[in-house]
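When you line the sequence shown up against our numbering, it's residues 2 to 364, in that order.
Using N, Cα and C, we set each Cβ at its ideal position, and we do this for glycine too.
Okay, so here's the structure we're looking at.
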Amino acid sequence: MSEGAALHLKGRVLVGPDEVRDELWVIDGRVAFERPSVARDVTTVSGWVLPGLVDAHCHVGLDAHGPVDAATSEKQALTDRDAGTLLIRDAGSPSDTRWIDDRPDLPRIIRAGRHIARTRRYIRNYAHEIEPADLVAYVAQEARRGDGWVKLVGDWIDRSVGDLAACWPPGEVAAAIAEAHRLGARVTAHCFAEESLAPLVEAGIDCIEHATGLTEDTIPLFAERQVAIVPTLVNIATFPQLADGGEAKFPRWSAHMRRLHERRYDTVRAAYDAGVPIFAGTDAGGSLPHGLVADEVAELMKAGLPVKAALSATTWGARTWLGRPGLTEGAPADLVVFETDPRADVRVLAAPRLVVLRGRIVG
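Below, the structure is given as structure tokens:
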């Protein structure tokens, strides 16, 4: 659109799970619900409008081997944008992607700094690998570098036992979380296993990534304290392949990973039924490609979430959780238009008709 022009969206504007409007205007890059008071060139588009989609667990600047160059990071961000993902919570990256903030055509990113892992207990070249005595200092460092989040690796395979095991003693992790909160940051942790969860929640953690180890014993604790989970079901789908690859050397770990995979949908549904906050994240940027948020929403529905809850996990609810506006008067116009009603079939999320970022048509 030219400077001074307006975009007029007609049809069904899904402002919230239970609030629908007939039209919306984009004026000077912002959302308006009234016709502009001065004459403007107007482009009119019809369709079903949602706030820009959210990928609440994504990694820009990272691939399976570690940090990537700026050109690859740009391609990752563009792939997400073209899929309608306009807000990313980057759940750990070794690359400096601050330059993306200066690109109005690329998604907004909320960074968690770099992963913090136990020495030799995570994927090589991904994380700061440290010992517990240094945890508080590194959490403080990443809290200052990030955008209000810090990412821990809460558990990983312990080769000495041949299975998943927690990475941090409770005292050190409680002190680290307290320091992050003092600095105004929330803390999340990668967790697959069962035993690592309760100590992290009791230490005050704000979110758990993957959360495949949730059980009937820990789900009530998550619900009581409103600790969010980001199940990354499109990533959990890779567990059988991982288990096959590690079975010869770590049979106990392989069997454990298969059990976690087999009950993944039941785990997520039980968490939803108990009132645990659930958000959509793809874990793109490690071994998975970008642009998969529509697939993750479909997976949440397979797990038994109602359609409005699954959509909210990547739109209204996710934006509120991350402190970013949706389709409200005066908010930056980050939105996606679809041909048909995503509440009738979430698969339409995979094919945006129009993508508007910072008030500009970008796709």
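Residue interval of the beta strand (DSSP E) (run including D274): Unbroken run through D274 is the alpha helix (DSSP H), R265 to A275; no beta strand (DSSP E).
So is L312 in contact with chain D if we call contact Cβ pairs under 8 Å? Chain labels in this structure do not include chain D; a single protein chain is all it has.
Who pairs with R119 in a beta bridge, going by DSSP? Per DSSP, I131.
Can you give me the start and stop residues for the alpha helix (DSSP H) that K250 sits inside? From DSSP, K250 is part of no alpha helix (DSSP H); its letter is neither H nor E.
Run through DSSP, which three-state label would A345 get? DSSP places A345 in coil when its eight states are reduced to three.
Would you tell me roughly how many angstroms separate the C-alpha atoms of A272 and A138, rounded to the nearest one? The straight-line gap from Cα to Cα measures roughly 33 Å.
Three Cβ pairs or more, each shorter than 8 Å: is that satisfied between the stretch 68-87 and the stretch 25-36? Contact check between the stretch 68-87 and the stretch 25-36: fewer than three CB pairs, one atom from each, fall below 8 Å, which does not count as touching.
Roughly how many angstroms lie between the CA atoms of H191 and A144, to the nearest whole one? Going from the Cα of H191 to the Cα of A144 covers about 17 Å.
Pairwise C-alpha distance: V347 and V21: Taking the Cα positions, V21 is about 17 Å away from V347.
For V300, is the classification buried or exposed, using 16 other Cβ atoms within 10 angstroms of its Cβ as the cut-off for buried? The sequence shown places Glu at residue 300, rather than the Val named in the question. E300 is buried by the Cβ-count criterion.
In whole angstroms, what is the alpha-carbon distance linking A7 and V357? In a straight line, the C-alpha of A7 is about 12 Å away from that of V357.
Contacting residues, own chain, Cβ-Cβ under 8 Å from I131 (five flanking each side not counted): Within the same chain, I131 has close Cβ partners I117, A118, R119, T120 and Y139.
Does K152 pass the burial test, meaning 16 or more other C-beta atoms within 10 Å, or should it be called exposed? So K152 ends up on the buried side.
Which stretch, first to last residue, makes up the alpha helix (DSSP H) that contains D164? No alpha helix (DSSP H) contains D164, which is instead part of the beta strand (DSSP E) from D164 to A167.
With distances taken Cα to Cα, identify the nearest neighbour of A176 among Q142, A186 and L136. Among Q142, A186 and L136, the Cα nearest to that of A176 is on L136.
Closest residue to E225 among D207, T239, F240 and H211 (Cα-Cα distance): D207 is the residue among D207, T239, F240 and H211 whose C-alpha sits nearest the C-alpha of E225.
Would DSSP call V61 helix, strand or coil? Coil at V61, not helix or strand.
Please check the pair A281 and V55, which I expect to be a contact at CB under 8 Å, by giving their CB distance rounded to whole angstroms. Yes, they are in contact, since the Cβ atoms of A281 and V55 sit about 7 Å apart, within 8 Å.
CA-to-CA distance, L222 to H66, given in whole angstroms: Taking the straight line from one Cα to the other gives about 36 Å.
Three-way DSSP call (helix, strand, coil) for D296 in this model: Assignment of D296 by DSSP, reduced to helix, strand and coil, places it in the helix class.
From E195, E340 and G85, pick the residue whose C-alpha is nearest to that of R260; which is it? It is E195 whose Cα lies nearest to the Cα of R260.
Kindly indicate which residue of L51, H129 and V277 has the alpha-carbon position closest to the one of L306. Of the candidates L51, H129 and V277, the residue whose Cα lies closest to the Cα of L306 is V277.
Over what stretch of residues does the alpha helix (DSSP H) that includes E210 continue unbroken? Counted as a single uninterrupted DSSP element, the stretch harbouring E210 is not any alpha helix (DSSP H) but the beta strand (DSSP E) occupying residues C208 to H211.
Return the chain-ordered list of same chain residues with a C-beta closer than 7 Å to the C-beta of T315, the five sequence neighbours on each side being excluded. Around T315, the same chain offers L54, V55, A281, V294 and V298 as residues with beta carbons nearer than 7 Å, after the five sequence neighbours per side are excluded.
Under the DSSP definition of a beta bridge, which residues are partnered with W157? Under DSSP, W157 takes part in a beta bridge, and its partners are A166.
Could you work out which residue in I362, K309 and R359 is closest to V16 when comparing CA atoms only? Considering only alpha carbons, the answer is K309.
Going by the beta-carbon positions, is the gap between V338 and P353 smaller than 8 Å? It is a contact, given that the beta carbons lie within the stated cut-off.
For the stretch 236-244 against the stretch 85-98, are there 3 or more C-beta pairs whose distance is under 8 Å? In short, these stretches do not touch, since the Cβ pair count stays below three.
Work out the CA separation of W317 and K250 for me, nearest whole Å. In this structure, the straight-line span from the alpha carbon of K250 to that of W317 is close to 44 Å.
Among the candidates T233, P200 and E340, whose CA atom is the shortest distance from the CA of M302? Comparing Cα-Cα distances from M302 to each of T233, P200 and E340, the minimum goes to T233.
Candidates R253, F193, H262 and V188: closest to V228 by CA position: Nearest to V228 by C-alpha distance, out of R253, F193, H262 and V188, is V188.
Label A181 either buried or exposed according to how many other C-beta atoms from any shown protein chain fall within 10 Å of its C-beta, with 16 as the threshold for buried. Buried: at least 16 other Cβ atoms inside 10 Å.
G172 versus D156 - alpha carbon distance: If I take the Cα positions, the gap works out to 16 Å.
Separation of D335 from R31, as counted between CA atoms: Rounded to the nearest angstrom, the two C-alpha atoms are 8 Å apart.
Is the distance from the Cβ of Y266 to the Cβ of A212 below 8 Å? For the pair Y266 and A212, the CB atoms are not nearer than the 8 Å cut-off.
Would G292 and H60 be called neighbours here (beta carbons separated by less than 8 Å)? No, Cβ-Cβ distance for G292 and H60 is not below 8 Å.
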